[in-house]
Amino acid sequence: MDRIRVTDDKRLLHGGDYNPDQWLDYPDILEEDVKLMKKAHTNTFSIGIFAWAALEPEEGVYHFEWLDQVIERIASIDGRFILATPSGARPAWMSKNHPEVLRVDSLRRKQLHGARHNHCFSSPYYRRKTQEMNTLLAERYGDHPALLMWHISNEFGGECHCDLCQENFRAWLKNKYDNDLDKLNHAWWGPFWSHTITEWDQIESPSPIGESAVHGMNLDWRRFVSYQTIDFYKNEIVPLRERTPDIPITTNFMSDNPEFVPFTALDYSQFAKEVDVISWDAYPAWHNDQEDTPTLASRVAFLNDHFYNMKHQPFLLMESTPSLVNWHDVNKAKRPGMHFLSSMQMLAHGSDSVLYFQWRKSRGSSEKFHGAVVDHDRSSENRVFKEVAQLGQAMEALSDHVVGYQRKADVGILYDVESEWALKDAQGFGLKTKHYGETLQKHYQAFWERNIAVDILSKEDDLEHYKILLIPMLYMVSEETATKLQAYVKNGGTLVGTYITGLVDESDLTYLGGWYGPLKEMFGIEPTETDTFYPSDRNHVSYKGQSYEVRDYATLMNMAGAETLGSYEEDFYKGTSAVTRNEYHNGQTYYIGARLDDAFHQAFYGELIDALGLKAPLDLRHKRGVSVQAREAEGRQTIFIMNFTEEMQAIEIMEDVTDLQTHSPLSGTLDLAPYEVRVVEKVVS
Numbered sequence: 001m002d003r004i005r006v007t008d009d010k011r012l013l014h015g016g017d018y019n020p021d022q023w024l025d026y027p028d029i030l031e032e033d034v035k036l037m038k039k040a041h042t043n044t045f046s047i048g049i050f051a052w053a054a055l056e057p058e059e060g061v062y063h064f065e066w067l068d069q070v071i072e073r074i075a076s077i078d079g080r081f082i083l084a085t086p087s088g089a090r091p092a093w094m095s096k097n098h099p100e101v102l103r104v105d106s107l108r109r110k111q112l113h114g115a116r117h118n119h120c121f122s123s124p125y126y127r128r129k130t131q132e133m134n135t136l137l138a139e140r141y142g143d144h145p146a147l148l149m150w151h152i153s154n155e156f157g158g159e160c161h162c163d164l165c166q167e168n169f170r171a172w173l174k175n176k177y178d179n180d181l182d183k184l185n186h187a188w189w190g191p192f193w194s195h196t197i198t199e200w201d202q203i204e205s206p207s208p209i210g211e212s213a214v215h216g217m218n219l220d221w222r223r224f225v226s227y228q229t230i231d232f233y234k235n236e237i238v239p240l241r242e243r244t245p246d247i248p249i250t251t252n253f254m255s256d257n258p259e260f261v262p263f264t265a266l267d268y269s270q271f272a273k274e275v276d277v278i279s280w281d282a283y284p285a286w287h288n289d290q291e292d293t294p295t296l297a298s299r300v301a302f303l304n305d306h307f308y309n310m311k312h313q314p315f316l317l318m319e320s321t322p323s324l325v326n327w328h329d330v331n332k333a334k335r336p337g338m339h340f341l342s343s344m345q346m347l348a349h350g351s352d353s354v355l356y357f358q359w360r361k362s363r364g365s366s367e368k369f370h371g372a373v374v375d376h377d378r379s380s381e382n383r384v385f386k387e388v389a390q391l392g393q394a395m396e397a398l399s400d401h402v403v404g405y406q407r408k409a410d411v412g413i414l415y416d417v418e419s420e421w422a423l424k425d426a427q428g429f430g431l432k433t434k435h436y437g438e439t440l441q442k443h444y445q446a447f448w449e450r451n452i453a454v455d456i457l458s459k460e461d462d463l464e465h466y467k468i469l470l471i472p473m474l475y476m477v478s479e480e481t482a483t484k485l486q487a488y489v490k491n492g493g494t495l496v497g498t499y500i501t502g503l504v505d506e507s508d509l510t511y512l513g514g515w516y517g518p519l520k521e522m523f524g525i526e527p528t529e530t531d532t533f534y535p536s537d538r539n540h541v542s543y544k545g546q547s548y549e550v551r552d553y554a555t556l557m558n559m560a561g562a563e564t565l566g567s568y569e570e571d572f573y574k575g576t577s578a579v580t581r582n583e584y585h586n587g588q589t590y591y592i593g594a595r596l597d598d599a600f601h602q603a604f605y606g607e608l609i610d611a612l613g614l615k616a617p618l619d620l621r622h623k624r625g626v627s628v629q630a631r632e633a634e635g636r637q638t639i640f641i642m643n644f645t646e647e648m649q650a651i652e653i654m655e656d657v658t659d660l661q662t663h664s665p666l667s668g669t670l671d672l673a674p675y676e677v678r679v680v681e682k683v684v685s
């Protein structure tokens, strides 16, 4: 399934998580909701996400009538619904009657009923029961004309260490290692601490009260957890695929919060293969006191591009907040204008929706102060509701210029969650300063500030058409990945690597002889040491007549054919190479040996952007903090000009475009107010 289609009118989706099961005793609230939905210019609602107890209050006793009524109300305003399977939070009767569904933690303690996402993915009963529930949902609602898509569970994550999961882990290992313990012991470096495995049933999952320092085992356990989670998901969707083959299926992915970097608990590059549409939940901490708004905006953009490129097609913003959340350390409200701006940024980077958690605030429990479209005052006259309605009107006007439009990029950044798992496990370097995800975002920011589109790639993606490929801190490089990178450069690509790259293979074993041979040949260097800094330590690198600050890491290297572009200024390695370039067949490689500041990234990547002829979607001039992003289809580009600063920005537009709000030509000077967005259209050849 290439992409979702709502109806022939191709509407952008606007709405969000709706929990009528919390309000069944308040019929006036439910009647009020549908009126407010229309007033807010919303059209799509995710329902049933945590509704199992309302759908099946006793085992085998079902109540769907309330859901029937909710769906008909949504359909009455020409709305659509995304129907969720309720497996993310099971009812209490199930935990009591079938305790096998309860997870066991790494300390081997069985968990009590409570919270959510605490079920065992191996449980035969839970797998059977979710299929039974989903069969009933598909039979009852699969043919409803307002059904847009299936939403499976919610924010998959977590792991279980019960006996069933131990057996499944061992079975997975037997398959991976061809039922050969010698292969497993080599991959796990078994002789270390006399950890050689002689029988399969000696294997236990990593635990603080057992083994947690065998890195190969830790890596395989994380791979298994991803496999087992995806397998549970695939089991859930069997009846949906059988009964509603034309209805697309998704499940909502996440970022790692509060850092707002790629999610590391699961391998989303593998999970993405099993969904029809990528959807994700975005909760950046706008207006925080740790970074300025443009820097956070670039990190949001990175994650959007990460999710877009999981399937190289538009995605859905499944959850966001129109105001604030309830789980940040400080739950600050969005300032006036930020909701519109942040939502438009999502559309600019490939989303076909702005959906919220939540439609109406809960009256009790942990999410009663989480932001929502409808507050406890039940008013359509407060600031948040009015801003949601304003956005809804704008999305209605933009739908024909966004839905079906794609993003194109000449720049790729490789992100590998398996490499991050291994790097986090590595007992070396700075235990608190590795920051793999943040490092990728820093390199990305240099392109974002020049309005150059970037694809965030997995190691399985095709690389051929990218003019430049970045692999910052790619700690784990298998022989297969190295061969792929070599082919890319041989065919004319430009590859940029950094410190802490290529140190281990896919089993987290170091390469014999130091740095892996093909990398030495390709980069024309041989890293020999990594100097790890204390937080107060500094060095500097001289590059093109300027001095740039080094923090955290500095690589010492021997030259093996590369040329030196930048040198260290201090310490015992003063005057040695820090930044290098090497010609390799028809392409070129660069190696950045130190963690350098943003000013270096701007200078270094700015030169590469110019040398490689990379172009922004629109020729214009602006100061820092303005982002220009485009989506393209059928010879036209829809271009979003966004001001992420608290200052008026004077933009000089050097091309003729059409303002999609006024439908009039626009060129020359454009004054952009703080947090303002202008959307324009450009004809392209």
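Note that the UniProt record's numbering has the sequence shown beginning at 1, numbered continuously upward.
Beta carbons: idealized from backbone N, C-alpha and C, even for Gly.
It should be emphasised that the depicted structure is a prediction, and the values quoted were computed from it without experimental measurement.
Candidates N252, T251 and I237: closest to P245 by CA position: Here residue 245 refers to the residue found at position 245 when the sequence shown is read from its first residue. It is I237.
Going by CA-CA distance only, name the one from A389, S542 and T295 that's closest to L596. Position 596 of the sequence shown holds residue 596. Ranking A389, S542 and T295 by Cα distance to L596 puts S542 first.
Check this for me: beta carbons of G350 and N43, under 9 angstroms apart or not? Here residue 350 is taken as the residue at index 350 of the sequence shown, counted from 1. Here residue 43 is taken as the residue at index 43 of the sequence shown, counted from 1. In this structure, N43 does not lie closer than 9 angstroms to G350 by Cβ.
Are three or more beta carbon pairs between the segment 457-469 and the segment 561-573 nearer than 8 angstroms? Contact between the segment 457-469 and the segment 561-573 is absent, because fewer than three Cβ pairs lie under 8 angstroms.
Sort L463, T669, S353 and M344 by Cα distance to G15 and report the nearest one. Translated into positions along the sequence shown, residue 15 becomes position 15. The shortest Cα separation from G15 among L463, T669, S353 and M344 belongs to S353.
Is the separation between the beta-carbon of residue 692 and that of H370 shorter than 9 angstroms? For residue 692 there is no data in the structure shown, the boundaries of the chain being 1 and 685.
Minimum length 3: unbroken beta strand (DSSP E) runs contained in the segment 557-634: Correct list: 563-568, 577-584, 587-592, 594-596 and 626-633.
Just to confirm the assignment, what range does the beta strand (DSSP E) spanning A673 have? Position 673 of the sequence shown, counted from the start, is the residue given in the question as residue 673. No beta strand (DSSP E) contains A673, which DSSP labels as neither H nor E.
Helix or strand or just coil, what does DSSP make of R116? Sequence index remark: in the sequence shown, residue 116 carries index 116 (1-based). R116 falls in the coil class under three-state DSSP.
Which word fits P665, buried or exposed, when buried means at least 16 other C-beta atoms lie within 10 angstroms of its C-beta? On the sequence shown, position 665 is the one that residue 665 refers to. Around the CB of P665, fewer than 16 other CB atoms lie within 10 Å, so the residue is classed as exposed.
Selection from G517, D305 and L398 that minimises the alpha carbon distance to I525: Position 525 of the sequence shown holds residue 525. Among G517, D305 and L398, the Cα nearest to that of I525 belongs to G517.
Beta carbon of R103, beta carbon of W52: below 9 angstroms? Taking the sequence shown and counting its residues from 1, one reaches residue 103 at position 103. Taking the sequence shown and counting its residues from 1, one reaches residue 52 at position 52. Result no, Cβ atoms of R103 and W52 do not sit closer than 9 angstroms.
Which two residues bound the contiguous alpha helix (DSSP H) that contains H540? The residue given as residue 540 occupies position 540 in the sequence shown. No alpha helix (DSSP H) contains H540, which is instead part of the beta strand (DSSP E) from N539 to Y543.
Tell me whether Y233 counts as near the ligand HEM, meaning its Cβ is closer than 8 angstroms to at least one heavy atom of that ligand. The ligand HEM is absent from the structure shown, which contains no ligand whatsoever.
Quick one: Cα of S667 to Cα of F253, how far? Counting from one through the sequence shown, the residue named residue 667 turns up at place 667. Counting from one through the sequence shown, the residue named residue 253 turns up at place 253. Answer to the nearest angstrom: the Cα atoms are 40 angstroms apart.
Contact under 9 angstroms by Cβ, V101 with I74: Within the sequence shown, the letter at position 101 stands for residue 101. Within the sequence shown, the letter at position 74 stands for residue 74. Their beta carbons are not under 9 angstroms apart, which means V101 does not touch I74 by this criterion.
Give me the residue from A272, H401 and A297 with the minimum Cα distance to D659. On the sequence shown, position 659 is the one that residue 659 refers to. Among A272, H401 and A297, the Cα nearest to that of D659 belongs to H401.
When you compare only the Cα positions, how much space is there between T483 and P208? The residue labelled residue 483 in the question sits at position 483 within the sequence shown. The residue labelled residue 208 in the question sits at position 208 within the sequence shown. Approximately 37 angstroms between the Cα atoms of the pair.
Which class does A265 belong to by DSSP, given the choice of helix, strand or coil? Locating residue 265 in the sequence shown gives position 265, where the first residue counts as 1. Here A265 sits in coil by DSSP.
To which residues of the same chain is Y126 closer than 7 angstroms at the C-beta, ignoring the five residues directly before and after it? One-based indexing of the sequence shown puts residue 126 at position 126. Contacts found: V101, H119 and C120.
Apply the 10 Å Cβ neighbour rule to Q441 and answer buried if 16 or more other Cβ atoms are within range, or exposed otherwise. Position 441 of the sequence shown, counting from 1, holds the residue named residue 441. Q441 comes out buried.
For V354, which residues does DSSP report across the bridge? Counting from one through the sequence shown, the residue named residue 354 turns up at place 354. Residue pairing from DSSP places V354 in a beta bridge opposite H14.
In chain order, what residues of the same chain lie with their CB nearer than 7 angstroms to the CB of S342, ignoring the 5 residues before and after it? In the sequence shown, counting from the first residue as 1, residue 342 sits at position 342. Excluding residues within five positions, the ones whose Cβ falls inside 7 angstroms are W286.
Three-state secondary structure (DSSP) of F429: As a working mapping, residue 429 is identified with position 429 in the sequence shown. Three-state DSSP puts F429 in coil, outside helix and strand.
Can you tell me which of the three DSSP states V680 falls into? Start at 1 with the first residue of the sequence shown, and residue 680 comes out as number 680. In this structure, V680 counts as strand in the three-state DSSP scheme.
Here's the rule I'm using: 16 or more other beta-carbon atoms within 10 Å means buried, otherwise exposed. How should D17 be labelled? Translated into the one-based positions of the sequence shown, residue 17 becomes position 17. If you draw a 10 Å sphere on the C-beta of D17, you find 16 or more other C-beta atoms in it, and that means buried.
Kindly give me the distance between the Cβ atoms of L83 and G48, rounded to whole angstroms, as I take these residues to be in contact under 8 angstroms. The residue labelled residue 83 in the question sits at position 83 within the sequence shown. The residue labelled residue 48 in the question sits at position 48 within the sequence shown. About 6 angstroms separates the two Cβ atoms, so the contact holds.
Under 9 angstroms between C-beta atoms of K311 and A272: As a first step, residue 311 must be located in the sequence shown, where it is residue number 311. As a first step, residue 272 must be located in the sequence shown, where it is residue number 272. Yes.
Please report the straight-line C-alpha distance between D305 and I278, rounded to a whole angstrom. The residue labelled residue 305 in the question sits at position 305 within the sequence shown. The residue labelled residue 278 in the question sits at position 278 within the sequence shown. Just so you know, the alpha carbons of D305 and I278 end up roughly 12 angstroms apart.
On the CB-based measure, 16 or more other CB atoms within 10 Å of its CB, does G561 come out buried or exposed? Taking the first residue of the sequence shown as position 1, residue 561 is located at position 561. With a threshold of 16 other beta carbon atoms within 10 Å, G561 falls short and is exposed.
Just to confirm before moving on: does the CB-CB distance between Q228 and W172 stay below 9 angstroms? Working through the sequence shown from its first residue, we reach residue 228 at position 228. Working through the sequence shown from its first residue, we reach residue 172 at position 172. Yes, they are a contact pair.
CA-to-CA distance, E367 to T481, given in whole angstroms: Taking the first residue of the sequence shown as 1, we reach residue 481 at position 481. Taking the first residue of the sequence shown as 1, we reach residue 367 at position 367. In this structure, the alpha-carbon of T481 lies about 44 angstroms from that of E367.
Among Y356, L485 and K10, nearest to G412 - alpha-carbon criterion: Indexing the sequence shown from 1 puts residue 412 at position 412. Cα-wise, what sits closest to G412 is L485.
Examine the Cβ distances between the segment 609-629 and the segment 577-597 and report whether three or more of them are shorter than 8 angstroms. Contact fails: fewer than three Cβ-Cβ distances are below 8 angstroms.
In angstroms, rounded to a whole number, what distance separates the CA positions of V657 and L620? For this step, residue 657 is matched to residue 657 along the sequence shown. For this step, residue 620 is matched to residue 620 along the sequence shown. Their Cα atoms are separated by approximately 11 angstroms.
Report the option in K38, P248, G545 and D256 whose CA atom is closest to the CA atom of W150. For the purposes of this step, residue 150 is taken as the residue at position 150 of the sequence shown. Minimum Cα-Cα distance from W150 among the listed residues K38, P248, G545 and D256 corresponds to P248.
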